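Enquirer:
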Amino acid sequence: MIELKHVSRLYRSDEIETTALHDITLTIRRGEFVAIMGPSGCGKSTLLNTLGTIDRPTSGQYLFDGTDLAQLPETGLAKHRAKHLGFIFQSFNLVDDLTIYENIELGLLYREGRKGSRRQAIEAAMDRVGIAHRARHFPHQLSGGQQQRAAIARAIVGEPDLILADEPTGNLDTENGAQVMDILRGLNAAGATIIMVTHSPSHADQATRRIDILDGQLVASVAQVL
Amino acid sequence: MWRSTFTAFYRSFTRHPLYALLNLLGLSFGIAVFIALSLLYRFETGYESWSSERDTTYTIGGQYFFPGMPNDIFVGSMGGLLDELKTAYPHLEGTRDWNNSVTVHKGAEVYGEQIELVDGNYLSFFNVPLRHGDTKTALASPDSVAVSEEKARKYFGTIDAVGRTITLSDEEGRKTYVVSAVIRDLPKNTDMKMDFVRLLTKQRMSEESAWHKWGSVQLVTYFRFADPAQAAALQKQFPGFIDRQVGDRFGDDVTGSKIMALHLVPLADAHLIDPKQKAAIVSLGLVGVVALGLALINYINLATARAGLRAREVAVRKTLGARPGALRLQFLGEAALTLLLAFLIGLSLVELSLPAINAVGGLSLKLDYVSEGAWVAGLLAVVMAAGLVAAIYPAFALSAFKPAQVLASSRTPAGGRAGVRLREALVVMQFTTVVIAFVLMLGFTTQIDHMQKADLGFSREGLLLVNSTRYTAITDSQRDSYISAARALPHVKRVTIGNAIPGDQSSTSNSNIVRPGQTDSATASPTVNWSVVGPDYFQLLGTKLVAGRLFDVRYGGDQMWRTDEESREEGRVTNVVISRLTVKRMDYASPQAAIGQIARFANRQVRIVGVVEDMRFYHPTDEIQAKLYLFDAHPNNNPVTFVRYQGLSEPQMRAQLQQVWRRIAPDVPFESTSASANLDKYYKPERDRSNLFSIGAGIAALIGCIGLYGMAAFNTSRRVREIGLRKVLGASRGKVVGLLIGQFLRPVVVASGLAVPLAWLALRHWLSQFDDAIAISPWFFVAAIVGGLLIALGTVGGLALISASIEPGKALRHE
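First to last, the protein sequences are chains V and S.
Residue 89 in this note's numbering is what sits at position 2 of the first sequence, and the numbering runs on without skipping anything.
Residue 1138 in this note's numbering is what sits at position 627 of the second sequence, and the numbering runs on without skipping anything.
In structure tokens:
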């Protein structure tokens, strides 16, 4: 499904050049649940952003189902994200001025050619994460766990091929973190491909593969038996 | 997509009411000023729009080039010009309107009205809208009269007045006419009064001695040209035509075209033919555009400032697949909804304030959505187009955020250094405009106050002018009896008679005056404006005698000629009094030097016996005229009676004078006005426009404050954590307040620096139109800058104080 070939990402400011990713080569198959681990600043989020096409590699190739995404213009990438990807962030990133229902709806808004009732899809997504009773509330009226569940609903409402989760439990307590992991495992079991950045070894252990990154380089990729 | 736009628009009000309110208020006020002043501009430039023939009609404008006299183009012509032009150019289609006074008799009562003596084709020429009657036949008979709806109601109690009779007295005597048509009341923006309209007969024309006297002005002549090129072609032939027609009327060596010019003025331009008046209206229109511009600057400022707060939303949307184009469309859609709402509020504000605007501005504006729906829609289109152009920058700025960067940062972006600079530049622009507006406001009001209080060379208080003595129906003995009776009234101090009238130029003439030995030439000799005055004229006005003596009935030589023949008698020299400016024009060394001098005036011998101070009788923008006064113990050439009184109110004095009038001349209506009111017609438009400008400028200042407050609120909220940190490090509340205020005073100070030279230039330009202009005081600038600073201080001071008072611990936790 995903092939990264010799992908590097450099950041340049006036006088400093920082290598966030260095010569990453990686393949991820459909249906995998991959956990990316590593210390702060090692390039985990950059890798995830690159996989999510909101950051472009400085060099290397990114193939998604055989298509070289590095060649696509900005509008092509936007279309790709709308059709194939779902995002979950550590800080939820719900839009403050929209209700939970409307936030989840955003996951469908930019997706072209989708068939079926939008309302049904949103309600199904809310049911799946147990947030339906909060549909009319605004994000600030919800607890952190509820907000993250709403963010997961937004990520899955369009039935994406790939879910990218950047420390989805990072801002949650143990109980809410466990609930989020249950949902992600359930989604994976139902066929979703998930790539998750995490600091938590116990949460990483719940993935089917674990990748370790250090100083922008891939140091280990280990399949895990659950 | 559109639902998303509506939701964002709606939520901006429910979730960020302060921002939304500031944004909407600023826009609404700006749009309201724009609509109101557009309405005024449309009113002033829409004169005679009632006529379907407006765009093909031209009026004759005259222009004289007499030395020392104004050479502005004016609407009006010699009575017989149409006949002479038609003889030379038979294909011409024209008509004319000669307005006269008329007395309407209704039972024993008499009323003074204005009547239009017109050519038979007048009503059909302009396609005058009638309630009853036919434009083609209404003026066929000299015994017919067309009346307006208003006058039909007044005199017949109904507009269904065709066939009814009415008795009128005018130059042709007292006669009964049959009403042949009732004219629809014309809108307020017309200079073509049509209360009473009747046929200008050939006999009436032949009785008018000056009908073919080149240089005289009696009436208004109109022509129709289907193609403007035809008008331009005729215009080119006017100088040659004038030379042929005038002959040597202005002197042996002077061709007519050196003395006067004729212009074909499009009817649409006739109302604002005076460039000063046109400039005043255009300036007010520009104030409207500036107010809208300021409001849009506010919008850009607040929208880009708030863009940072929406950065995360943009990043999320982009992450979810939104394309920049779709986001721009959404933000432009939100802008369009805001503009639409602001337009509706602005329109409502105009509706609500129109009565006040009309009262303050001396106007009669109204918004008629039925007949002017297209115009209102046009205004909406202009506002939307301008607004959307303004909204492009924030929309692009918003859609340009990079999601990875925004989502990785804990702080909201502020648009970078460029964004901050842009916002500062816009605030500078706004405040520059505000300070300029303040300076102009001060300059305008000071000049108008100066005009109203200025020494005009005579005392205008306690002075009533009785116009009824101008009626031709009044006999000399009636006039003398009235003057004697008025003089006998207990509170009357003096009474005189004359046709040099404050605020009324209708009875004055211009002629050359030549010193012995100088060439008598219309193009080289000084021209003076002359009037006939009766006994006590200068004493009553309080005119200062500069040299010599005033007229005195005891001096036989003071009495002017009664007939042309008498004036040209061999050896006859008539005593005259001249004004100080005439002394200068005639090149005498001093007023004293002019006394006793003989001169040739209008081909007659005159002796200067007195010099009086110049008096300002007309528009404050008009130059004072060089005057020559002739004396007549019993003037009979349309003289007005001047009554100086004391110890009574104006209405009481007027009532007493009316009572006397009714006793002496019951068949002629009593008409009077105060000198102050007569002059006020010149000052009022200036005052009204200054008021309108002040309102516009005041609202512009308010918009500027709203913008500044919005920016202050935004910037302060972004700096709360910094404020906490500074306080942790030991900064006092006063220091923090100083820091925050200083940040906002900077653009205001820069704006003041920019505004001073611009305001000075604008004010100097405006003042240059006045003959008696004030000096530009540095205090205008000091007051405007201090005012601007105080407003800025008041606007941001409260916010700064609140922000500086937040506990440091709380401030550091601020997001």
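Beta carbons are placed, not taken as given, at the ideal position from N, Cα and C, and that holds for glycine.
Quick caveat: nothing in here was measured; it's all calculated off a predicted structure.
Residues of chain S with a CB under 7 Å from the CB of Glu189(V): which are they?
Expert: Thr518
Enquirer: Quick check on Val827(S) - is its C-beta less than 8 Å from some C-beta in chain V?
Expert: yes
Enquirer: State the Cα-Cα distance for the pair Ile947(S) and Asn1202(S), rounded to the nearest angstrom.
Expert: Their Cα atoms are separated by approximately 16 Å.
Enquirer: What does Ser515(S) reach in chain V if we use C-beta pairs closer than 7 Å?
Expert: Leu196
Enquirer: Given that a residue counts as buried once 16 or more other Cβ atoms are within 10 Å of its Cβ, and exposed if not, what is Glu972(S)?
Expert: exposed
Enquirer: Smallest Cα separation from Leu1300(S): which of Gly836(S), Leu1310(S), Val1261(S)?
Expert: Val1261(S)
Enquirer: Could you give the DSSP three-state label for Asn1021(S): helix, strand or coil?
Expert: strand
Enquirer: Just how far apart, CA to CA, sit Thr701(S) and Glu564(S)?
Expert: Within the model, the alpha-carbon separation for Thr701(S) versus Glu564(S) is close to 14 Å.
Enquirer: Can you check the stretch 226-307 of chain V for any beta strand (DSSP E) of at least 3 residues that lies completely inside it and give the ranges in chain order?
Expert: Listed in chain order, the complete beta strand (DSSP E) runs (minimum 3 residues) inside the stretch 226-307 of chain V are 249-253, 280-284, 296-301.
Enquirer: Going straight from the alpha carbon of Leu113(V) to that of Gln293(V), what length do you get?
Expert: 20 Å
Enquirer: On a CA-only basis, which of Ser289(V), Asp101(V), Asp110(V) is nearest Gly303(V)? Give me that one, please.
Expert: Asp110(V)
Enquirer: At what residue ranges does the stretch 962-987 of chain S contain a whole run of the beta strand (DSSP E), taking only runs of 3 or more?
Expert: 974-977
Enquirer: Let's test the definition: count the other Cβ atoms within 10 Å of the Cβ of Phe540(S) and tell me whether it reaches 16, buried, or not, exposed.
Expert: Residue environment: Phe540(S) is assigned as buried (16 or more neighbouring CB atoms within 10 Å of its CB, all protein chains considered).
Enquirer: On the three-state DSSP scale, how would you describe Val693(S)?
Expert: strand
Enquirer: Give the DSSP-derived three-state secondary structure of Arg1111(S) in the structure shown.
Expert: strand
Enquirer: Once DSSP output is grouped into helix, strand and coil, what is the label at Leu843(S)?
Expert: helix
Enquirer: Check the Cβ-Cβ distances between Leu860(S) and every residue of chain V, and say whether any is below 8 Å.
Expert: So no, Leu860(S) is outside the interface.
Enquirer: Have a look at Val1267(S) and Ile808(S) and give me their C-alpha separation to the nearest angstrom.
Expert: Val1267(S) and Ile808(S): Cα-Cα distance of roughly 21 Å.
Enquirer: Got a sec: is the Cβ-Cβ distance from Arg553(S) to anything in chain V below 8 Å?
Expert: no
Enquirer: Got a sec, what are the start and stop residues for the alpha helix (DSSP H) Glu555(S) sits in?
Expert: 528-556
Enquirer: With distances taken from CA atoms, which of Gln233(V), Arg272(V), Ile209(V) is nearest Asp260(V)?
Expert: Gln233(V)
Enquirer: Let's test the definition: count the other Cβ atoms within 10 Å of the Cβ of Gln1170(S) and tell me whether it reaches 16, buried, or not, exposed.
Expert: exposed
Enquirer: Taking its Cβ as the centre, do 16 or more other Cβ atoms sit within 10 Å of Asp1047(S), making it buried, or is it exposed?
Expert: Buried.
Enquirer: Give the residues of chain S in contact with Ser132(V), contact being defined as C-beta atoms less than 8 Å apart.
Expert: Ala919
Enquirer: Between Thr646(S), Leu697(S), Gly674(S), which lies nearest to Ser659(S) when the distance is taken from Cα to Cα?
Expert: For the residues Thr646(S), Leu697(S), Gly674(S), the minimum Cα distance to Ser659(S) belongs to Leu697(S).
Enquirer: For chain V, is any of its Cβ atoms less than 8 Å away from the one on Arg1237(S)?
Expert: no
Enquirer: If you scan the stretch 550-615 of chain S from start to end, which runs of the beta strand (DSSP E) of 3 or more residues do you find wholly inside it?
Expert: 568-575
Enquirer: Pick helix, strand or coil for Trp1041(S), following the three-state DSSP scheme.
Expert: Strand.
Enquirer: Cutting at 7 Å between CB atoms, please list the residues of its own chain near Leu858(S), excluding the five before and the five after it.
Expert: Ile546
Enquirer: Return the chain-ordered list of same chain residues with a C-beta closer than 6 Å to the C-beta of Leu1265(S), the five sequence neighbours on each side being excluded.
Expert: Thr943
Enquirer: Between the stretch 158-175 of chain V and the stretch 933-941 of chain S, are three or more C-beta pairs nearer than 8 Å?
Expert: no
Enquirer: Could you give the distance in angstroms between the alpha-carbon of Val1330(S) and the alpha-carbon of Glu620(S)?
Expert: Chain S is shown from 512 up to 1326; residue 1330(S) falls before or after that span and cannot be answered.
Enquirer: Counting contacts by CB-CB distance shorter than 8 Å, is Leu136(V) in contact with chain S?
Expert: The sequence shown places Asn at residue 136(V), rather than the Leu named in the question. Yes, because at least one Cβ of chain S sits closer than 8 Å to the Cβ of Asn136(V).
Enquirer: Which residue marks the beginning of the alpha helix (DSSP H) containing Thr1132(S), and which one marks its end?
Expert: Counting along the chain, no alpha helix (DSSP H) covers Thr1132(S), and no H or E run does either.
Enquirer: Nearest to Gly872(S) by alpha carbon, out of Arg1173(S), Thr598(S), Phe1204(S)?
Expert: Checking every option, the nearest Cα to that of Gly872(S) belongs to Phe1204(S).
Enquirer: At the 8 Å Cβ level, is Thr162(V) part of the contact set with chain S, yes or no?
Expert: Thr162(V) counts as touching chain S.
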